[in-house]
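>
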Amino acid sequence: MRKIKTLKKNYEFRNVLSKGKFFIGKQITIYISKNELNTNIIGIAISNKTCNAVRRNHIKRLIRENYKLVKNDLKKGYNIVFLWNKKDLVENASFEIIKKDFNFLLKKAQLL
RNA sequence: GGAGUAAAUUGAAUAGUCGCGCAUAGCAAUAUCGAAAGGUAGCGUGCGAGGAAAGUCCGGGCUCCAUAGAGCGAUGGUGCUGGAUAACAUCCAGUAAAGGAAACUUUAAGGAAAGUGCAACAGAAAAUAACCGCCUAAUAUUUUAGGUAAGGGUGAAAAGGUAAGGUAAGAGCUUACCGCUAGUAUGGUGACAUACUAGGUCAAUGCAAACCCCACCAGGAGCAACACCGAGAAAAGAGGGUUAGAAAGGCUGCUCGCCCACUUCUUAAUUUGGUGGCAUGAGAUAUAUAGUAAUAUAUAUACUAGAUAAAUGACUAUUCUUGACAGAACCCGGCUUAUAGAUUUACUUUAUUU
RNA sequence: GGCGAGUUAGCCAAGUGGUAAGGCACGAGUCUGCAAAACUCUGAUCAUCGGUUCGACUCCGAUACUCGCCU
1 MRKIKTLKKN
11 YEFRNVLSKG
21 KFFIGKQITI
31 YISKNELNTN
41 IIGIAISNKT
51 CNAVRRNHIK
61 RLIRENYKLV
71 KNDLKKGYNI
81 VFLWNKKDLV
91 ENASFEIIKK
101 DFNFLLKKAQ
111 LL
């Protein structure tokens, strides 16, 4: 079993993106909406036109690693969607900047 | 030492902590669910993305279209010769032409006296050539008739080239050399090459990546194909049997051929979810033999990704050349395109020294 | 993943071997006391690169980008 539950269908993403609140950081934006389940569910979406498949996979891995570190401290019962900011270059993506964004954004959303 | 040509290989490494996907007859008695078969989870162990995985440009396997069948050839593709291959717009060895000082490289390279078409503008004329010009005769100072294709100019392209003879002026008109065409002989499997002989009626330009002709090849669609299982609103679908076979429709663009109609019986189609298809193969590596080579044959070795929103990452430390292009998705053989750097082999040319 | 179309001025578009029609918009001018309408004029790397041809928007190949269909 995967430890991290993920969103899979298109309409699930649309529900979160249309009805949820959003917070913008340096490289990442977060959409949050409430969930009736007891656990958190994640979705990561990076558009097709930003970069290659290799770099898209790289960004997904960085976000998952950061989510693992924070996972146990979060409040439960939310859907979270992570998006990549189009303005930033993909080559500048690094672990530490995303870590700062995570702390900043999740405090702002009062999930921590 | 410099410049260059061809072929081939490689595509950062090591250790620690945390984490991901698949497999597991390890935990004989780990935990949990279940009556059982067995399922799930944990720990451990093993394996885990390229030379192009990319583009989808060609060729095949595999599946369905009735069992994929017969004919037509609409349409599409290929096009020097011989060989290799399951097959090929691929590869190997040669021929010819073009380029380069050389090593070497490039080429969709059949047919224009089978037929049709096109060749803008310019130019006299764009394919049975005659404007200016040169020459002769007449007229009488500007024209007419005839001969001629040297010279001029136009154009991408102008009716073999150079030299001498010859002539009223000229001309393959004649001769020599070069080119061109045909025939014969020799060599080669063949494309073709070499030598000899003949031809001045060497009059028929270019374009076939214009239609077309000739030779050869191709039935259509694609793993989101297809098969099976579960749930299940509305009402249709499948199997068997019988025979008169019309119309429309479908299988494949057309024809043949096949299906359809009627009756009876049974339960299940669209949609959605899951499982299989799915990893042992026209394969890989090494050696030997045959062959100039592509490749073929034999023997040995190992089994080496299989996901389904999609698995290789993060941090720390060390070393160096400071790391480019880039992510499998049914599989295989090629082509094309992107690519930091490093290494090896063979060869050409140039400079210096001996 | 597979299959198939397309790219022409700021926008819409015709053209198919001989140097790109037209409409709307922008700009300049004429007309008018001023404006509108009308009339005249202006503007093109035919997506990019290479090949065939005397000559390519057109024919052929490769690349880039955009769009559609199949669960």
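Following the working numbering, the numbering of the first sequence begins with 1 at its first residue and continues without gaps. Note that beta-carbon positions come from the ideal geometry of N, C-alpha and C, so glycine has one too. Please read all numbers here as calculations on a predicted model, not as lab measurements.
Could you check what DSSP says for Lys68 in three-state terms: helix, strand or coil?
Position 68 of the first sequence, counted from the start, is the residue given in the question as residue 68. Lys68 falls in the helix class under three-state DSSP.
> Please go through the segment 19-47 and give each complete beta strand (DSSP E) segment of 3 or more residues, from N-terminal end onward.
Runs of the beta strand (DSSP E) inside the segment 19-47: 21-24, 28-34 and 41-45.
> Checking the sheet assignment: what are the DSSP bridge partners for Val81?
Start at 1 with the first residue of the first sequence, and residue 81 comes out as number 81. Tyr31 and Gly43, per the DSSP bridge assignment.
> Rounded to a whole number of angstroms, what is the C-alpha to C-alpha distance between Lys108 and Thr6?
Counting from one through the first sequence, the residue named residue 108 turns up at place 108. Counting from one through the first sequence, the residue named residue 6 turns up at place 6. Going by the C-alpha atoms only, they are around 23 Å apart.
> Are Arg64 and Ile41 close, meaning C-beta to C-beta below 9 Å?
By 1-based counting over the first sequence, the position of residue 64 is 64. By 1-based counting over the first sequence, the position of residue 41 is 41. Cβ atoms of Arg64 and Ile41: not closer than 9 Å.
> Grab the span of the alpha helix (DSSP H) containing Asn103 for me, first residue to last.
Looking up residue 103 in the first sequence gives position 103. Per DSSP, Asn103 belongs to the alpha helix (DSSP H) from Phe95 to Lys108.
> Report, in whole angstroms, the separation of the C-beta atoms of Val70 and Phe23, which I expect to be a contact under 8 Å.
Counted from its first residue, the first sequence places residue 70 at position 70. Counted from its first residue, the first sequence places residue 23 at position 23. Incorrect: roughly 15 Å between the Cβ atoms, too far for contact.
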